[in-house]
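**Q** Residue numbers (the numbering used here): 204 to 327.
1. Could you spell out where the alpha helix (DSSP H) holding residue 216 opens and where it closes?
2. With residue 283 and residue 239 assumed to form a contact (beta carbons below 8 Å), what rounded beta-carbon distance in angstroms separates them?
3. So, does the segment 232-252 touch the segment 285-297, judging by three or more C-beta pairs under 8 Å?
4. Restricting to Cα atoms, I'd like to know which of 258, 266, 306 and 272 is closest to residue 230.
5. Bridge partners for residue 319 per DSSP, in chain order?
6. Measuring straight from C-alpha to C-alpha, what distance separates residue 225 and residue 305?
7. Are the CB atoms of residue 270 and residue 289 nearer to each other than 8 Å?
8. Pull up the distance between the alpha-carbon of residue 215 and that of residue 303, whole angstroms please.
9. On a Cα-Cα basis, can you pick out the residue from 285, 267, 310 and 274 that is closest to residue 218?
Shown next as structure tokens:
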């Protein structure tokens with residue numbers, strides 16, 4: 204599933220008044236896994252540290268155990284790691300996105316035929 208498809212197929216997994224997982228949270232967990240830092244992940248995604256931290260805190264509260272574990276700063280600095288549960292949550296979320304995309308891809312392309320020439324055609 205390409206980036207365009209990710210933007211079209213937006214699935215939120217509700218948990219009370221919040222979403223335990225959604226496209227932005229999955230992107231954030233992947234960025235934390237890549238950078239080892241909530242701050243660096245937030246910068247990479249164009250969000251403030253505060254926003255990134257609030258999303259992590261919300262996810263950690265929604266799941267049965269934390270999806271991100273943090274280390275306090277010190278001589279070697281702090282950092283963050285996506286836990287096994289967090290990695291599994293992202294993996295399953297991306298699988299849901301792919302299933303949803305497969306289910307709607309044809310219908311979206313048919314719908315695009317109604318749009319003007321400025322509308323881009325989706326690719327896989």
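Heads up, the beta-carbon is just placed ideally off N, CA and C, and yes, glycines get one too.
**A** With the given structure in hand:
1. Here residue 216 refers to the residue found at position 13 when the chain shown is read from its first residue. Run containing residue 216: none in the alpha helix (DSSP H); it sits in the beta strand (DSSP E), 216-218.
2. Here residue 283 refers to the residue found at position 80 of the chain shown. Here residue 239 refers to the residue found at position 36 of the chain shown. Correct: roughly 7 Å between the Cβ atoms.
3. yes
4. Residue mapping note: residue 230 aligns to position 27 of the chain shown, counting from 1. Selected option, being the one with the closest Cα: 258.
5. Residue mapping note: residue 319 aligns to position 116 of the chain shown, counting from 1. Note: residue 319 sits in no beta bridge, so no partner.
6. Here residue 225 corresponds to residue number 22 of the chain shown, with the count starting at 1. Here residue 305 corresponds to residue number 102 of the chain shown, with the count starting at 1. One C-alpha to the other measures close to 18 Å.
7. Looking up residue 270 in the chain shown gives position 67. Looking up residue 289 in the chain shown gives position 86. In this structure, residue 270 lies near residue 289, with their beta-carbon atoms less than 8 Å apart.
8. Residue 215 sits at position 12 when you count from the first residue of the chain shown. Residue 303 sits at position 100 when you count from the first residue of the chain shown. Residue 215 and residue 303: Cα-Cα distance of roughly 12 Å.
9. For the purposes of this step, residue 218 is identified with residue 15 of the chain shown, where counting begins at 1. Residue 218 has its Cα closest to that of 267, out of 285, 267, 310 and 274.
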